[in-house]
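Since the structure comes first, as structure tokens, the remarks are kept for the end.
There are 2 protein chains.
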Amino acid sequence: MSDKRTEIIDSAENMVRSGGYNGFSFRDIADEVGIKSASVHYHFPTKEDLALAVAIRYKDNFLAALGEPSPEGSTPESRIAHYSGLFQTAFDTSGRACLCGMLSNEVVLLPESVKQAVISFVDANVEWLQQALGLDDKGQTKPKSKEAAQWIYCSLQGAMSAAALTNDRTWIEAAARSALERFYDRVEKASN
Amino acid sequence: MSDKRTEIIDSAENMVRSGGYNGFSFRDIADEVGIKSASVHYHFPTKEDLALAVAIRYKDNFLAALGEPSPEGSTPESRIAHYSGLFQTAFDTSGRACLCGMLSNEVVLLPESVKQAVISFVDANVEWLQQALGLDDKGQTKPKSKEAAQWIYCSLQGAMSAAALTNDRTWIEAAARSALERFYDRVEKASN
DNA sequence: GTCTATACGGTGATAGAC
DNA sequence: GTCTATCACCGTATAGAC
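Order-wise, the sequence lines are chains A and B.
Okay, so the first sequence: first residue is 573 according to the working numbering, each after it adds one.
Okay, so the second sequence: first residue is 573 according to the working numbering, each after it adds one.
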């Protein structure tokens, strides 16, 4: 049972993931939810309020789905696969890019609070990845794992964008496989 | 000596690279160039016309700067470095993301002709990279090099986005270094 | 909570004078 | 080529009735 407020956030999330912050209007949302735009303003006075709520919920959900960076029984490979899998699923279930990836590209137009929320999403992702990677110390020193974390994050975001553009999920598969292969290469290299 | 038409394209390119297709208006352009919006419409009747001209010129310039995928005296490493370097320079000289990376994220809102131009930019990039990588056959089979090409492209686009968001060029450095390291790892692995 | 009505600026685009 | 003037519409946002 979802109240109108939740429906509005749902609708806004889909629209931002399709066309970004400037790609939707209160009237669009109102039409989809089945109310008038003035009613949307009742729940979220300004567009900034709405976008911020969307960004924060998205981040919370994403981090929750991510879970612990290195749970019992996991391997670095399984963690990388888990991470990539979230992007795969996000694309498969919506055909759309990552919300924060979309918003990242609009920095200059973003209200400050929304911008900060996006930055904190990126930081959280890199930190999670760094922990997931850095715990294995075969050839993985801390500073290196930061760079590897950034790189995995970037390649998946880029892949989401290309996948949405061409309507082709193989971009994400390529990024996911490359992340895994790269890991194996490094481990082998270190143990040689 | 640049005529007004060129100035308009210059201005539009900067604006698209900042805020995307929906992030600029004819009046914005007019103000920057020092004419009225009606005069902009004289040069480019519709927004689609203008965006298409910007996208095509950007693609042409980028491919020209790229040059041959494997010129005399080049090594796979030098080609990867050359490719990454273009992104570095693009960011350093403008602090902005890649034009086609920006437009990729707005597929749903893009006029069809512009969308096709962006897709052709992406295709050309992957093809160039594939040739630059695929000519070295130490452990690089053709299908693998396609995946590696996609992955290098995606990670640099993602890095541009993150760099613009955080105003920090190290994202691009990380992506560039990872691309190089990955190549070395694969060669070493193949020759072991 | 939702509505109608409305304010008011921005937007792509055009007609016609110079 | 560039201008002024104007169009019809869309954007965020608000006031006040129900």
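Glycine included, C-beta positions come from ideal geometry on N, C-alpha and C.
Being a predicted model, the structure only gives us computed values, none of them experimental.
CB contact below 7 angstroms: residue i versus chain A
i	result
B/Arg-784	This structure cannot speak to residue 784 of chain B, because chain B is shown only from 573 to 764.
B/Trp-700	no
B/Ala-736	yes
B/Ser-692	no
B/Asp-757	yes
B/Asn-677	yes
B/Ser-717	no
B/Cys-670	no
B/Ser-685	no
B/Ser-527	Because chain B in this structure spans residues 573 to 764, residue 527 of chain B falls outside the shown range and cannot be described.
B/Ser-574	no
B/Ser-642	no
B/Ser-750	yes
Buried/exposed call for residue i, threshold 16 Cβ in 10 Å
i	result
B/Asn-677	buried
A/Lys-619	buried
B/Arg-599	exposed
B/Pro-648	buried
A/Tyr-593	buried
A/Tyr-756	exposed
A/Gly-645	exposed
B/Ser-666	exposed
B/Ala-526	Since the first residue of chain B shown is 573 and the last is 764, residue 526 of chain B is not available in this structure.
B/Ala-610	exposed
B/Tyr-614	exposed
B/Leu-635	exposed
B/Ser-574	exposed
A/Arg-650	The question names Arg, but residue 650 of chain A in the sequence shown is Ser. The residue in question, A/Ser-650, is exposed, as its Cβ has fewer than 16 Cβ neighbours within 10 Å.
Own chain partners of residue i with C-beta closer than 7 angstroms, once the 5 adjacent residues on each side are dropped
i	result
B/Ala-721	Val-698, Leu-701, Gln-702 and Leu-705
A/Ala-689	Leu-624, Ala-627, Ile-628 and Lys-631
B/Gln-729	Cys-670 and Gly-673
A/Ser-590	Arg-668
B/Ser-733	Ala-669 and Gly-673
A/Phe-596	Ala-584, Met-587 and Val-588
A/Lys-687	Val-679
A/Leu-681	Tyr-593 and Asn-594
Chain B within 7 angstroms of residue i, Cβ atoms only
i	result
A/Ala-747	yes
A/Ala-731	yes
A/Gln-722	yes
A/Leu-681	yes
A/Asn-697	no
A/Ser-656	no
A/Ser-666	no
A/Ser-727	yes
A/Ser-650	no
Cβ neighbours of residue i in the same chain (closer than 8 angstroms, five flanking residues each side left out)
i	result
B/Ser-750	Ser-727
A/Ser-685	Glu-620 and Leu-624
A/Ser-692	Lys-631
A/Lys-608	Ala-602
B/Ala-746	Ala-731
B/Ala-736	Phe-663, Gly-667, Arg-668 and Ala-669
A/Tyr-725	Val-694, Asn-697, Val-698 and Leu-701
B/Ile-581	Leu-622, Ala-625, Val-626 and Arg-629
A/Leu-658	Phe-634, Ala-637 and Leu-638
6 angstroms CB neighbourhood of residue i in its chain, flanking five on each side removed
i	result
B/Glu-640	none
A/Phe-616	Leu-622
B/Lys-718	Gln-702
B/Gly-683	In the sequence under discussion, the amino acid at residue 683 of chain B is Pro, which differs from the Gly named in the question. So the list reads Glu-620, once near-sequence residues are dropped.
Give me the subset of the segment 581-608 of chain B whose CB atoms are less than 7 angstroms from a CB atom of chain A, sorted by chain position. Residues of the segment 581-608 of chain B with a C-beta less than 7 angstroms from any C-beta of chain A: Ser-590, Gly-591, Gly-592, Asn-594 and Gly-595, listed in chain order.
The segment 621-642 of chain B: which residues have C-beta closer than 8 angstroms to a C-beta of chain A, in chain order? Going along the segment 621-642 of chain B in chain order, one finds no residue with a Cβ nearer than 8 angstroms to chain A.
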